[in-house]
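Chains as they are written, first to last, in numbering that gives the first Met the number 0: chain A, 0 to 285; chain B, 0 to 291. For each residue, glycine too, the CB sits at the ideal point set by N, CA and C.
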Amino acid sequence: MPRSIEAPTGLSMFVYRFKKSLQTPDPYLTLFGVGLWLFVWWLLCEGLRVDRFDKIPGPVAVFSELFSRIPFQGISIFTPEYYEHILVSCRRIAIAFAIATGVGVPLGLFMGWSKRIRDYAFPILETLRPIPILAWVPLSILMFPGFEAPVIFLATLASLFVTTLNTMLGVDSIDEAYFRAAGCLGSSNWDVFKHVVVPGALPYIFTGLQISIGVAWFSLVAAEMVSGDLGLGYLIVDSYMNNVTVPMVIGMITLGFVGWLTSVMVRALGNWLMQWHVKALALQGR
Amino acid sequence: MNVSVPNFEEVAPSMTVSKSRGALSIRNVTKIYDPEGVNVMAVKDCSMEIAAGEVCMIVGPSGCGKTTLLNAIAGFHSITYGEILLDGELLCGPGKPKAEQGAERMVVFQHGALFPWKTLAQNVAYGPMVQGRLSKSLALEKARDMLAEAGLGSVTEKYPGEVSSGMSRRAEIVRALINDPKVLLLDEPYRAMDALTKSIMHESLLETYDRTKVTIFFITHDLEEAIFLGDKVHIVTTRPCQLKKTVNVNIARPRSYETQSSEAFRLLMEEVNEAVHEEAIKAFKAGERELA
């Protein structure tokens, strides 16, 4: 009987890949890149104390504050405020991203699929899209009560445009042959939508979602800076106003890290949903 | 040379006598793209009779309108004049310019159209499932059986992107056959393949044909392929597409790869080559794309 070799799955797969990647230069290059970046930052702000940069906190100041039990300027990983800011921002992002995806994906799918729906919606979308999110701030404060709703509205709006447009382009990208094949095989309109339009557009949808969650983060922070009571954007601007620069930089680094994490989560979900796509790309060596 | 309107009495009895199905009548079909605008005539007064269970090969220069004819039969495009009948039933004709798409006419596409997001088994099971003929689990079961029969038993759970082009093309033919079609419409399905893969594809298609006796409408510009596979080779003119000459391939089935080195094969090759070459030169002079 031929002996079959089982492909590793789950955790063992992860460990295998991790070990394998240690044999390539990639992780070391990444470490070197991060190290170089920190070194230049340190050199400018703390090592050489270059003019004007000396007012900016360097990496030593920032990280010793970040990991200090009694932070001098009020924010570290041991203060509950730090997590409150993160949590508030993440909650807003989760709501905004969920609304934008829930509306944007179906809207984009229908716009791509039906010429009539596109004729209705596309001109409006294209007119609203170039308006910068910051320009919406006054209007959103007038439209919605409190701090929460306007901020979420702004983040939703920004990511909605990206998601809708990418989804629509995703439907456009589907080869006509798949529609014809589906027709030949006796599909109803609903079958075509379910089995051709949705899965065919999925790679574009997830590219769009990765961009859209990034866009949601930066419009959220902009909104929090203008109108907010809590959140990472508020932390940054509030620290600046109160002349405490270390929490400002801590806020920025945290924002970058959390933003990257959410983007990774979206990508992982996409890869899990599109095994066929991942496998095809893997065979092309990508 | 133009072919006159076919004699209907000649056609009708053969359909009733024969138990097999899938007789196609293409009668005086003309297709003009954009009648208001540029007026490109792709097909002009083209008539062909394809008997039930026949392998009919359509050969002509690239861009001559062969695919237009196939699209009209499949129901992807409308026709301007004429009519197309399947087993005596009107597919498209006066008052009904575009045929409905249906599972009795299955198309196998030039570049392949297996859904890349479904496994081979899911692809094959798709037709019976959406037509409501089989439940999902039964359809999948039958799909796996049929794939195994076609020598694809080990890759039923793979996605099309993971298997070779030859395998995915064979799976596509299985996806068509599971619907028990009357006609298989193939549009240069082996165009992009190397000679070795192609020869395996040919033997596999012949084996399938010998088993099912389904009518095959096969577009190609590979002359050896046309003679090796076909009962009849219809040579069509450069745009607008018209029937130029029909060559009967009197080589017994089952055919094997050695057939291609026989004397009968060589003679047919000469006959077809001459007719096609004439069209190729015309196409070239007309500034059409070269005969690939």
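(1) Have a look at A:151, A:199 and A:241 and flag the residue whose alpha-carbon is nearest the alpha-carbon of residue 97 (chain A).
(2) Starting from residue 273 (chain A), trace the beta strand (DSSP E) both ways and give me its first and last residue.
(3) Mind pulling the beta strand (DSSP E) runs of 3 or more residues that sit fully within the segment 231 to 266 of chain B?
(4) Would a check of beta-carbon distances place residue 278 (chain B) closer than 9 angstroms to chain A?
(5) Along the alpha helix (DSSP H) that carries residue 221 (chain A), what are the first and last residues, could you check?
(6) Would you say residue 182 (chain A) faces chain B, with C-beta separation under 9 angstroms as the test?
(7) Going along the chain, which residues of its own chain have a beta-carbon closer than 6 angstroms to the beta-carbon of residue 280 (chain B), five neighbours each way excluded?
(8) Can you round the beta-carbon distance between residue 233 (chain B) and residue 55 (chain B) to whole angstroms, since I take them to be within the 8 angstroms contact cut?
(9) From the DSSP output, read off the bridge partner residues of residue 32 (chain B).
(10) Residues of chain B with CB under 7 angstroms from residue 282 (chain A), in chain order?
(11) Any idea what DSSP makes of residue 214 (chain B), helix, strand or coil?
(12) Contact between the segment 229 to 247 of chain A and the segment 78 to 89 of chain A: three or more CB pairs below 8 angstroms?
(13) Quick one: using the 10 Å Cβ neighbour count with 16 as the cut-off for buried, is residue 134 (chain A) buried or exposed?
(14) With a CB to CB cut of under 6 angstroms and the five nearest residues on each side skipped, what residues in its chain are close to residue 107 (chain A)?
(15) Is residue 12 (chain A) close to chain B? Criterion is C-beta to C-beta, closer than 9 angstroms.
(16) Spell out a yes or no on whether the segment 208 to 216 of chain B and the segment 36 to 45 of chain B are touching, meaning 3 or more CB-CB pairs, one atom from each, closer than 8 angstroms.
(17) Going by DSSP, what residues sit across from residue 45 (chain B) in a beta bridge?
(18) Report all residues from its chain with a CB closer than 8 angstroms to the CB of residue 5 (chain B); omit the five preceding and five following residues, and keep chain order.
(19) Using DSSP with H/G/I as helix, E/B as strand and the rest coil, what is residue 55 (chain B)?
(20) Between which two residues does the beta strand (DSSP E) containing residue 69 (chain A) stretch?
(21) Assign residue 67 (chain B) to one of two classes, buried (16 or more other C-beta atoms within 10 Å of its C-beta) or exposed (fewer than that).
(22) For residue 106 (chain B) and chain A, any beta-carbon pair shorter than 9 angstroms?
(23) Based on DSSP bridge pairs, tell me the residues matched to residue 156 (chain A).
(24) Of the residues A:121, A:101, A:81 and A:24, which one's Cα is nearest the Cα of residue 252 (chain A)?
(25) Does DSSP classify residue 105 (chain B) as helix, strand or coil?
(26) Quick check on residue 219 (chain B): does DSSP put it in helix, strand or coil?
(27) Are the CB atoms of residue 241 (chain B) and residue 44 (chain B) nearer to each other than 9 angstroms?
(28) With 8 angstroms as the C-beta to C-beta threshold (strictly closer), list the residues of the segment 160 to 178 of chain A near chain B in chain order.
(29) Run the CB neighbour count on residue 237 (chain A), radius 10 Å, all protein chains shown included, and call it buried at 16 or more, exposed below.
Looking at the coordinates:
(1) A:151
(2) Note, residue 273 (chain A): premise wrong, no beta strand (DSSP E); not H, not E.
(3) 231 to 235 and 242 to 247
(4) no
(5) 197 to 225
(6) yes
(7) none
(8) 6 angstroms
(9) B:39
(10) 160 and 161
(11) strand
(12) yes
(13) exposed
(14) 163, 166 and 167
(15) no
(16) no
(17) B:28
(18) Note that residue 5 (chain B) scores 45 on pLDDT, short of 50, meaning its location in the model is unreliable and no value can be drawn from it.
(19) strand
(20) No beta strand (DSSP E) contains residue 69 (chain A), which DSSP labels as neither H nor E.
(21) buried
(22) yes
(23) Per DSSP, none; premise fails for residue 156 (chain A).
(24) A:81
(25) strand
(26) strand
(27) yes
(28) 174, 176 and 177
(29) buried
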